[in-house]
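Chains as they are written, first to last, in my numbering: chain P, 14 to 131; chain F, 75 to 414.
Printed below as a string of structure tokens:
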């Protein structure tokens, strides 16, 4: 009796473990889905627009320079840094962690912006 | 938009002594038709006077020496505001070469290039080599330090300089200081000199007689013209406190692509026109982007600044000459197209 009981216990816990594994892998796949999201910041008239952009984790943000003058996009904390963007050139960065990212144009430091990642 | 600028200039010049010239009318002419302005300093008191176009050829006569300031050449820029900045720099060089008194040297107050590209620096070098004055002193603009923290600029133009390219030299009794306010700019700020450079500057002036005329030159204005556009230098006040004891201080800047002047005590501030493209008067446009003007007016808003120094008379005259000023010796000027 005891042995049978033990066997049945093991079987049950095994089944539970398998169910958890499946659930775990499902969760990972689901959180990967929004990473395909893209967002755009337009640089126009020496202004980053929108000045504050809120996006979900995993979003790729692309800055496009619509001015006749070169600009850069540089994270205040040194997290990302574009090359110099001549007119119509772009820079992209994928935000994989939540947080508030302040940035500015290192050529025209009066130009500042923020990406809020949630 | 013209009025905004004129009001600002009027305000800046209100302390100047009266010399019977209709200043407002004259300044209107200076700023928009591009006539020159001469101002002299005598015994520490600045006096401005109108500069007639016809006296251009005599401007340098009797001066102990003359030098020329050029600025903001932006070699590599090719947008509609001026699709051929190489041609307009060449016109500026021609203008220098036509001066009755050969200048002792040229000062370039930065933004030699548009994107800090080697080919852009090469083109600038090639053109500047053709100038009658062989000695050229440079300070960098933010466009010259875009890609490599100014490494290439320093290699080409910064031999013998300190830090990010600052230095001083003496010429015929006048002490010149080239300052760099475009390196390591901070988010939300304007131009910046930084602690290390300020210390060096203070030290550089130590032991100099207060009667030594001082000329400071840097790319971004060392006085606050329009903070909303970053047209000023965050720590310039400290720098200027070091020159307070001197009887004659002249500050030459570029960056804003238009003439602005201010006299504050014994310190005279002056910004030069660009050789490439004009920029709008402060606050007169949504941004400081290149200002597009009709092709036949372009050369009136570009130009050079020549400075005549009369050391013996303790006087100094700054003359701004637009590229398109009527001049029989320069073909294509006086209302012609942009030289292309």
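For every residue, glycine included, the Cβ atom is placed at its ideal position computed from N, Cα and C. As the structure is a prediction and not an experimental result, all values here were calculated from the model.
Chain-order list of residues whose beta-carbon lies under 8 angstroms from that of residue i (same chain, five-residue window excluded)
i                     : result
residue 283 (chain F) : none
residue 127 (chain P) : 64, 65, 66, 113, 114, 115 and 116
residue 80 (chain P)  : 56, 57, 58, 59 and 100
residue 206 (chain F) : 170, 171, 173, 176 and 177
residue 36 (chain P)  : For residue 36 (chain P), the predicted structure reports a pLDDT of 43, less than 50, and the residue's modelled location is therefore unreliable. A value from the coordinates is still provided. Once the five neighbours on either side are set aside, residue 36 (chain P) has no close Cβ partner at all.
residue 254 (chain F) : 213, 214, 237, 238, 239, 240, 267, 271, 292 and 293
residue 111 (chain P) : 70, 130 and 131
Supposed close pair residue i, residue j - CB separation, criterion 8 angstroms
i                     : j                     : result
residue 349 (chain F) : residue 146 (chain F) : 7 angstroms
residue 356 (chain F) : residue 375 (chain F) : Not a contact, Cβ separation roughly 15 angstroms.
residue 259 (chain F) : residue 266 (chain F) : 6 angstroms
residue 150 (chain F) : residue 194 (chain F) : 4 angstroms
residue 293 (chain F) : residue 214 (chain F) : 7 angstroms
residue 22 (chain F)  : residue 82 (chain P)  : Residue 22 (chain F) lies beyond the range of chain F shown here (75 to 414); nothing can be said about it.
residue 264 (chain F) : residue 287 (chain F) : Their Cβ separation, rounded to whole angstroms, is 27 angstroms, which puts residue 264 (chain F) and residue 287 (chain F) out of contact at 8 angstroms.
residue 224 (chain F) : residue 238 (chain F) : 6 angstroms
residue 108 (chain P) : residue 77 (chain P)  : Actually they do not touch by this definition, with Cβ atoms about 17 angstroms apart.
residue 184 (chain F) : residue 306 (chain F) : At roughly 15 angstroms, the Cβ-Cβ gap does not stay under 8 angstroms, so residue 184 (chain F) and residue 306 (chain F) are not in contact.
residue 326 (chain F) : residue 314 (chain F) : At roughly 14 angstroms, the Cβ-Cβ gap does not stay under 8 angstroms, so residue 326 (chain F) and residue 314 (chain F) are not in contact.
6 angstroms CB neighbourhood of residue i in its chain, flanking five on each side removed
i                     : result
residue 129 (chain P) : 67 and 113
residue 368 (chain F) : none
residue 181 (chain F) : 143, 211 and 291
residue 231 (chain F) : 212
residue 354 (chain F) : 365
residue 381 (chain F) : 141 and 392
residue 93 (chain P)  : 106
residue 123 (chain P) : none
residue 218 (chain F) : 186, 187, 190 and 227
residue 148 (chain F) : 159, 185, 188 and 350
Residues bridged to residue i (per DSSP)
i                     : result
residue 200 (chain F) : According to DSSP, residue 200 (chain F) bridges with nothing at all.
residue 182 (chain F) : F:144 and F:212
residue 129 (chain P) : P:67 and P:113
residue 160 (chain F) : DSSP lists no partner for residue 160 (chain F).
residue 316 (chain F) : BP columns for residue 316 (chain F) are empty, so no partner.
residue 305 (chain F) : F:300
residue 187 (chain F) : F:149
residue 288 (chain F) : F:249 and F:323
residue 139 (chain F) : F:383
residue 265 (chain F) : F:307
Any non-hydrogen atom of the ligand PLP within 7 angstroms of residue i CB
i                     : result
residue 226 (chain F) : Looking for the ligand PLP in the displayed structure turns up nothing, as the structure carries no ligands at all.
Residues near residue i in its chain [Cβ-Cβ closer than 7 angstroms; skip 5 each side]
i                     : result
residue 164 (chain F) : 201
residue 85 (chain P)  : 95, 97, 98, 118, 119 and 120
residue 156 (chain F) : 162, 350, 351, 372 and 412
residue 89 (chain P)  : 115, 116 and 117
residue 221 (chain F) : 190
residue 311 (chain F) : none
residue 415 (chain F) : Coverage of chain F is limited to positions 75 through 414, which leaves residue 415 (chain F) absent and any answer about it impossible.
residue 204 (chain F) : 167
residue 153 (chain F) : 364
Test: residue i CB closer than 8 angstroms to a CB of chain C
i                     : result
residue 139 (chain F) : Absent from the structure: chain C. Protein chains present are P and F.
**Study point:** Whole beta strand (DSSP E) elements within the region 318 to 400 of chain F, 3-residue minimum
**Key:** 323 to 327, 334 to 338, 341 to 345, 377 to 384 and 389 to 396
Practice item. Please list the segments of the beta strand (DSSP E) lying wholly inside the region 226 to 263 of chain F, counting only runs of 3 or more residues, in order along the chain. Key: 241 to 245 and 248 to 252
Review point. In chain order, which continuous runs of the beta strand (DSSP E) of length 3 or greater are located wholly inside the region 40 to 124 of chain P?
Key: 51 to 57, 60 to 62, 65 to 68, 72 to 78, 103 to 108 and 112 to 117
Exercise for review: Output, in sequence order along the chain, the residues in the region 52 to 69 of chain P whose CB is closer than 8 angstroms to any CB in chain F.
Suggested key: 58, 59 and 60
Point to revise | Contacting positions in the region 170 to 193 of chain F - beta carbon closer than 9 angstroms to chain P | key: 188, 189 and 190
Exercise for review: Could you please tell me which residues of the region 237 to 271 of chain F, in chain order, have their CB closer than 8 angstroms to any CB of chain P?
Suggested key: 259, 260, 261, 262, 263 and 264
Review point. Using Cβ-Cβ distances below 9 angstroms, what residues of the region 71 to 84 of chain P are close to chain F?
Key: 80, 81, 82 and 83
Review point. Listed from N- to C-terminal order along the chain, which residues in the region 364 to 386 of chain F have their beta-carbon within a distance smaller than 7 angstroms of any beta-carbon of chain P?
Key: 364
Practice item. Taking only beta carbons into account, state which residues of the region 88 to 103 of chain P come closer than 8 angstroms to chain F, listed in chain order. Key: 89, 96, 97, 99 and 100
Practice item. Could you name the residues of the region 100 to 130 of chain P whose beta carbon sits closer than 8 angstroms to any beta carbon of chain F, in the order they occur along the chain? Key: 100, 115, 116, 117, 119, 120, 121, 122, 123 and 125
Check your understanding: Using a beta-carbon distance cut-off of less than 7 angstroms, what residues from the region 209 to 241 of chain F approach chain P?
Key -> 216, 220 and 221
Practice item. Please name the residues in the region 339 to 368 of chain F whose beta-carbon is closer than 8 angstroms to at least one beta-carbon of chain P, in chain order. Key: 360, 361, 362, 363 and 364
**Study point:** Contact residues within the region 152 to 165 of chain F, judged by C-beta distance below 9 angstroms to chain P
**Key:** 153, 154 and 155
Point to revise | Interface positions of the region 274 to 288 of chain F facing chain P (Cβ-Cβ less than 8 angstroms), listed along the chain | key: none
Review point. Quick one, which residues of the region 303 to 321 of chain F are near chain P if we go by CB-CB under 8 angstroms, in chain order?
Key: 303 and 304
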